[in-house]
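Which chain is which? The protein sequence lines are A and B, in order. Numbering-wise, the first sequence is residues 22 to 299 according to the numbering used here. Numbering-wise, the second sequence is residues 1276 to 1574 according to the numbering used here.
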Amino acid sequence: MKKEPVSDKLFKALIYAFCIVVLILTGFPLLFLLFNSFKSLPEYMMNIWQPPKKLFFGNYKQVFAPTFLRYFINSLIVSVSGVSLVILVSSLMAFVFAKFNFRVTKGIFFLVIAGMMIPIHTTLIPIYSMSINVGVYDTLFGLIGPYVSFNIPVSVFIMTQFFKEMPKELDEAAMIDGGSLFLIYRKIVMPLSGPAVSTVGVYSFLTMWNEFVYALVMIDTRSKKTLSLGIRDFYGFQTINIPAVLTAILVGSLPVLTFYFLAQDRVINGLTQGALKG
Amino acid sequence: MVPTKRRATNHKEILFVVAALVPGLLFYGVYNLYGIVMTFQYSTLDWTGISQNTGFVGLSNYLKLFKDPMMGVAVKNNLILMITSIGIQLPFALLLALALNSAIKGTKFFRTIFFLPMLFSTVATGIMWQLFFDPMFGILAYVMQQVGLGNYVIGFLADVRTAMPSVLFVICWQFIPFYMIILKAGLTNISTELYEAATIDGANRWQAFWKITLPLMGPTLRTSAVMSMVGSLKYFDLVYIMTGGGPSGATELMATYMYKKGFVEFGMGYASAIAGLMFIICFIFACVFLYVTRVREAH
């Protein structure tokens, strides 16, 4: 076997060095959260940057108190129902757009896709005042509406593309057997759409779980706040007790992190695909 | 009887089409379409958002906007953010993508960790970096003290000179991993045979990068550039959390200024004008992008 030339070795060493610097920059915050979540406040003040000398669980006790759990549950309610609605509503629309080529459906398709160009902040004020008028201001229900609608354009786009690439023979066969359109959608198209559903699901879950501006404007009562707002409040009340805040951040990020470490490719794919189209 | 039967199925089909489209269109129509129309309507009002009193003022909110020095600062900061996004995020992301695409060991592990910043919520990221930039307890201050630069430690987010660079750094930290993945996907599509052929012809790495990699990455880089452009025009969260647009407007963006005018100072009409302008700017950028890609595809 040919020996590697020195210049190649040097080049590789350079890449490794670069990667290790970036590794520290990107990996260190997670370690920082993990280490400090096990420190008491006095220990944190003495020793910020090293692993804990003694494991302390007080922060976790504080975070798993009713108030914080409430935030967690609220985020879960909003995200899970929001994602389910996005998938249901967008897949139905996409099914129509992929299957029919009427002038009307085509027009509606472009109208919906154009929504990807509307920055969400530009409709903040009307949605806020509309929610007050309709009486859904300061309710979790009021948050789900905008969360769903802002994910519709991207989701419809991704799913329509996916449905169009499905072999036509499948549903033609079902048509001959006398299946209704809804049956084809439910029994043939949806069961085969795992990849598209997972892309849409991951992307919209992450945007909803981490969303901030709309929650900030639309929610007022403490017991209705989502995780993002809750953590920020917690930081406001606890500026002194930093380890508790860091624990709250870590616990709030756990669902996403766990899912990421279990199904990395899916998460990366979902996030980049969703944003790429959006 | 055949035609009637056909009509019956058609009828059913149309019913299905309507039923399948209506729920989605309801959401989309109420929040997105009605929302944007109302933004423009509000932008012609003198309205606090609280009282029922609204007065039609035509385009005077927009005229005020063009004379508002703070709006100028905000637009300038959005442009700085845009230039940083394209000038720093993309090259750095390309370097990372190239590193992950190279023959070194452990690329899978590196990728796993490199992507982490994308997974934290903006609130989490903002609070963490606020702590890291803290002049008393932050890691930046700590490192500077260790290397003998302790005298230069300041409240990085509270100083007019350092607030914007600090925030820009965090935005880069948050988004570089994202572009890294997109560019890495582009690199994977370049056939290795091209590089092998180039090596046989005596090209070195540097030449291969400029003659093969960069030209073939053109479309991916262009898409990424547009995404970061539009993204930087509507940016809000991190800046709001870390500095709230301060100190004295040093990090003010269009979106943070809109929030301030609308929800802090209760000038909903004026804030709507800012939102309307943001929409128009983003819309123009998106149209230019569509036009450019269409023209390219046509060739």
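All C-beta atoms in this analysis are idealised placements derived from N, C-alpha and C, irrespective of residue type, glycine included.
Taking DSSP as the reference, what is the three-state secondary structure of residue i?
{"i": "Gly1299(B)", "result": "helix"}
{"i": "Leu1528(B)", "result": "coil"}
{"i": "Gly1381(B)", "result": "coil"}
{"i": "Phe1331(B)", "result": "strand"}
{"i": "Leu202(A)", "result": "helix"}
{"i": "Leu1320(B)", "result": "strand"}
{"i": "Met1411(B)", "result": "coil"}
{"i": "Asp1434(B)", "result": "coil"}
{"i": "Lys60(A)", "result": "coil"}
{"i": "Gly1521(B)", "result": "coil"}
{"i": "Gly166(A)", "result": "helix"}
{"i": "Gln1421(B)", "result": "helix"}
{"i": "Lys1509(B)", "result": "coil"}
{"i": "Ala265(A)", "result": "helix"}
{"i": "Ala17(A)", "result": "No answer is possible for residue 17(A): the residues shown for chain A start at 22 and end at 299."}
{"i": "Thr1279(B)", "result": "At Thr1279(B), the pLDDT of 40 sits below 50, so the modelled position is not reliable; the number obtained from the coordinates is stated separately. It is helical."}
{"i": "Ile1559(B)", "result": "helix"}
{"i": "Val210(A)", "result": "helix"}
{"i": "Ile139(A)", "result": "coil"}
{"i": "Phe146(A)", "result": "Phe is not the amino acid found at residue 146(A); the sequence shown has Ile there. Three-state result, Ile146(A): helix."}
Nearest by alpha-carbon distance to residue i: which of the options is it?
{"i": "Arg1497(B)", "options": "Trp1404(B), Leu1469(B), Leu1365(B), Phe1408(B)", "result": "Leu1365(B)"}
{"i": "Met1439(B)", "options": "Ile1289(B), Ile1559(B), Leu1528(B), Val1539(B)", "result": "Leu1528(B)"}
{"i": "Leu227(A)", "options": "Thr88(A), Leu46(A), Val99(A), Leu109(A)", "result": "Val99(A)"}
{"i": "Gly1413(B)", "options": "Phe78(A), Asn68(A), Asp254(A), Phe255(A)", "result": "Asn68(A)"}
{"i": "Asn1426(B)", "options": "Val1418(B), Ile1361(B), Asp1321(B)", "result": "Val1418(B)"}
{"i": "Leu1565(B)", "options": "Val101(A), Ile134(A), Val104(A)", "result": "Ile134(A)"}
{"i": "Leu1575(B)", "options": "Val238(A), Thr279(A), Tyr206(A), Ile261(A)", "result": "The question about residue 1575(B) has no answer here: the residues shown for chain B are numbered 1276 through 1574."}
{"i": "Ala1295(B)", "options": "Phe56(A), Val110(A), Lys33(A)", "result": "Val110(A)"}
{"i": "Pro147(A)", "options": "Pro1522(B), Pro1490(B), Gly1544(B)", "result": "Gly1544(B)"}
{"i": "Phe89(A)", "options": "Ala269(A), Gly103(A), Val175(A)", "result": "Ala269(A)"}
{"i": "Phe1291(B)", "options": "Leu278(A), Gly128(A), Phe203(A), Pro72(A)", "result": "Phe203(A)"}
{"i": "Lys1536(B)", "options": "Phe1384(B), Gly1324(B), Asn1307(B)", "result": "Gly1324(B)"}
{"i": "Arg287(A)", "options": "Tyr224(A), Tyr235(A), Lys75(A), Lys30(A)", "result": "Tyr224(A)"}
{"i": "Gln1449(B)", "options": "Phe39(A), Leu46(A), Lys30(A), Lys33(A)", "result": "Leu46(A)"}
{"i": "Phe56(A)", "options": "Leu271(A), Leu278(A), Tyr281(A)", "result": "Leu271(A)"}
{"i": "Phe1385(B)", "options": "Phe280(A), Thr279(A), Arg207(A), Ala38(A)", "result": "Ala38(A)"}
{"i": "Phe1554(B)", "options": "Ala34(A), Leu164(A), Gly273(A), His142(A)", "result": "His142(A)"}
{"i": "Leu1375(B)", "options": "Val1428(B), Leu1462(B), Gly1423(B)", "result": "Leu1462(B)"}
Excluding the 5 residues preceding and the 5 following residue i in the sequence, name in chain order all residues of the same chain whose CB lies nearer than 7 Å to its CB.
{"i": "Phe1389(B)", "result": "Leu1371, Pro1452, Met1455"}
{"i": "Asn231(A)", "result": "Ser249"}
{"i": "Gly1524(B)", "result": "Met1345, Val1348"}
{"i": "Ser96(A)", "result": "Trp230, Thr247, Leu248"}
{"i": "Thr220(A)", "result": "Ile179, Asn290, Gly291, Gln294, Gly295"}
{"i": "Val117(A)", "result": "Thr126"}
{"i": "Tyr149(A)", "result": "Val238, Met239"}
{"i": "Ser105(A)", "result": "none"}
{"i": "Gly1430(B)", "result": "Pro1410"}
Using C-beta distances below 6 Å, list every residue in its chain close to residue i, excluding the 5 sequence neighbours before and after it, in chain order.
{"i": "Ala1368(B)", "result": "Ile1451, Tyr1454, Met1455, Leu1458"}
{"i": "Leu1334(B)", "result": "none"}
{"i": "Ala1460(B)", "result": "none"}
{"i": "Ser1377(B)", "result": "none"}
{"i": "Ser1547(B)", "result": "Thr1314, Tyr1317, Ser1318"}
{"i": "Gly251(A)", "result": "Tyr92"}
{"i": "Met1393(B)", "result": "Pro1452, Phe1453"}
{"i": "Lys1280(B)", "result": "Only weak support exists for where Lys1280(B) lies, its pLDDT of 42 falling under 50; the value from the coordinates is given anyway. Correct list: empty, nothing qualifies."}
{"i": "Gly1304(B)", "result": "none"}
Please report whether the beta-carbon of residue i lies at a distance below 8 Å from any beta-carbon of chain E.
{"i": "Pro147(A)", "result": "Looking for chain E here will not work: the only protein chains present are A and B."}
Whose C-beta lies closer than 8 Å to the C-beta of residue i among residues of the same chain, with five residues either side of it excluded?
{"i": "Lys1287(B)", "result": "none"}
{"i": "Ala1283(B)", "result": "At Ala1283(B), the pLDDT of 47 sits below 50, so the modelled position is not reliable and the matter cannot be decided from this model."}
{"i": "Val1445(B)", "result": "Thr1400, Gly1401, Trp1404, Leu1513, Met1517"}
{"i": "Tyr1510(B)", "result": "Asn1353, Leu1356, Ile1446, Leu1528, Ala1530"}
{"i": "Phe1560(B)", "result": "Val1501, Met1504, Val1505, Leu1508"}
{"i": "Phe159(A)", "result": "It is worth fixing the name first, because residue 159(A) is Asp in this sequence and not Phe. Around Asp159(A): Met239, Ile240, Asp241, Thr242, Lys245."}
{"i": "Phe130(A)", "result": "Phe118, Val177, Thr181"}
Chain-ordered residues of the region 242 to 263 of chain A with a beta carbon less than 7 Å from chain B:
Ser249, Ile252, Arg253, Tyr256, Ile263
Determine which residues of the region 33 to 51 of chain A have a Cβ less than 8 Å from any Cβ of chain B, and write them out in chain order.
Lys33, Ile36, Tyr37, Phe39, Cys40, Val43, Leu44, Leu46, Thr47, Gly48, Pro50, Leu51
By the 7 Å beta-carbon criterion, what residues does the region 270 to 284 of chain A contribute toward chain B?
Ile270, Gly273, Ser274, Val277, Leu278, Tyr281
Using a Cβ-Cβ cut-off of less than 8 Å, give me the residues of the region 1547 to 1558 of chain B that come near chain A, in sequence order.
With the criterion set as a beta carbon lying under 8 Å from some beta carbon of chain A, the members of the region 1547 to 1558 of chain B are Ser1547, Ala1550, Gly1551, Met1553, Phe1554, Cys1557, Phe1558, in sequence order.
What are the residues of the region 226 to 239 of chain A that lie near chain B, defined by any Cβ-Cβ distance shorter than 9 Å?
Leu227, Trp230, Asn231, Glu232, Phe233, Val234, Leu237, Val238
Given a limit of 9 Å on CB to CB distance, which residues of the region 179 to 210 of chain A reach chain B?
Answer set for the region 179 to 210 of chain A: Ser201, Leu202, Phe203, Tyr206.
Residues of the region 92 to 116 of chain A whose Cβ lies closer than 7 Å to any Cβ of chain B, in chain order:
Result list: Val110, Ser111, Leu113, Met114, Phe116.
Residues of the region 1516 to 1549 of chain B with Cβ closer than 8 Å to any Cβ of chain A, in chain order
Ile1516, Ala1530, Met1533, Tyr1534, Gly1537, Phe1538, Met1543, Ala1546, Ser1547
Any residues in the region 150 to 171 of chain A with a beta carbon nearer than 8 Å to a beta carbon of chain B? Which ones, in chain order?
Ser150, Met151, Gly166, Pro167, Val169, Ser170, Phe171
At a Cβ cut of 8 Å, what residues of the region 1352 to 1363 of chain B count as close to chain A, listed as they run along the chain?
none
Pull out every residue of the region 1396 to 1414 of chain B whose Cβ sits closer than 7 Å to any Cβ of chain A, in chain order.
Ser1396, Thr1397, Val1398, Ala1399, Ile1402, Met1403, Leu1406, Phe1412, Ile1414
Going along the chain, which residues of the region 1416 to 1427 of chain B sit with their C-beta nearer than 8 Å to a C-beta in chain A?
For the region 1416 to 1427 of chain B, which is checked against every Cβ of chain A, the residues closer than 8 Å are Tyr1417.
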